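Numbering (this note's numbering), first residue to last: 4 to 120.
Yeah, the Cβ is synthetic: ideal placement off N, Cα and C, and Gly gets one too.
Given the structure is predicted, the values throughout are model-derived calculations rather than measurements.
Set out below in C-alpha cells:
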C-alpha cells in the first residue's frame, strides 16, 4: 500500500488515497464515462482511505438516472476527478489522469460494461 495524490487541472480540487500500486486501468462504457473518456482505478477506494480538499465550492457533483452514482468534478476547470460508483456507493474510483506522475494512457485497461446497468 502507498499514498497516491493528485488534483484537477487547476488544482482547486486535490485528493490523496491509500492503495496498492496501480498497474492497470478500468474504462467504463456507461453514457457519461464514455463521453469523459475516464481511465479509472481498477479497484475501489474506501472513503476512509480517501482525503479530499477543495477551494471554496470548487468540488461539484453530477448525478443522473437512478441518482445513485456521484460523478465529482472541479467547477473551475471542469475536470472529472473521481466517481462514487452506482454499484458501490460509499467508495470511489479515481480518474487516473488526475494522479500525480501517472501515465494513465500507457496502462493496460479493461472495459467495464456500465451501459448494461
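Grab me the residues of residue i's own chain with a C-beta within less than 8 Å of its C-beta, minus the 5 sequence neighbours each way, in chain order.
i           : result
residue 110 : 25, 26, 27, 28, 42 and 99
residue 23  : 4, 5 and 46
residue 91  : 47
Short of 6 Å in beta carbon distance, which residues of its chain neighbour residue i, apart from the five on each side in sequence? Order them along the chain.
i           : result
residue 17  : 10 and 56
residue 54  : 19
residue 77  : 11, 15, 16 and 61
residue 102 : 7 and 9
Using alpha carbons as the reference points, say which of the options lies closest to residue i.
i           : options             : result
residue 119 : 54, 63 and 33       : 33
residue 52  : 103, 106 and 5      : 5
residue 86  : 114, 65, 105 and 69 : 65
residue 94  : 58, 49 and 61       : 49
residue 62  : 69, 37, 83 and 46   : 83
residue 115 : 88, 103 and 108     : 88
residue 112 : 46, 23 and 68       : 46
residue 59  : 70, 90 and 79       : 79
Need the endpoints of the beta strand (DSSP E) that residue i sits in, please.
i          : result
residue 21 : 16 to 22
residue 37 : Looking at the DSSP string, residue 37 is not in any beta strand (DSSP E); the run it does join, the alpha helix (DSSP H), is 36 to 39.
residue 42 : From DSSP, residue 42 is part of no beta strand (DSSP E); its letter is neither H nor E.
Beta carbon of residue i, beta carbon of residue j: below 8 Å?
i           : j          : result
residue 44  : residue 96 : yes
residue 138 : residue 12 : In the structure displayed, the chain extends from 4 to 120; residue 138 sits before or after that span and is not available.
residue 117 : residue 31 : yes
residue 75  : residue 35 : no
Quick one: residues in its chain with C-beta nearer than 7 Å to the C-beta of residue i, no 5 flanking neighbours on either side, listed in chain order?
i          : result
residue 72 : 66, 86, 87, 88 and 89
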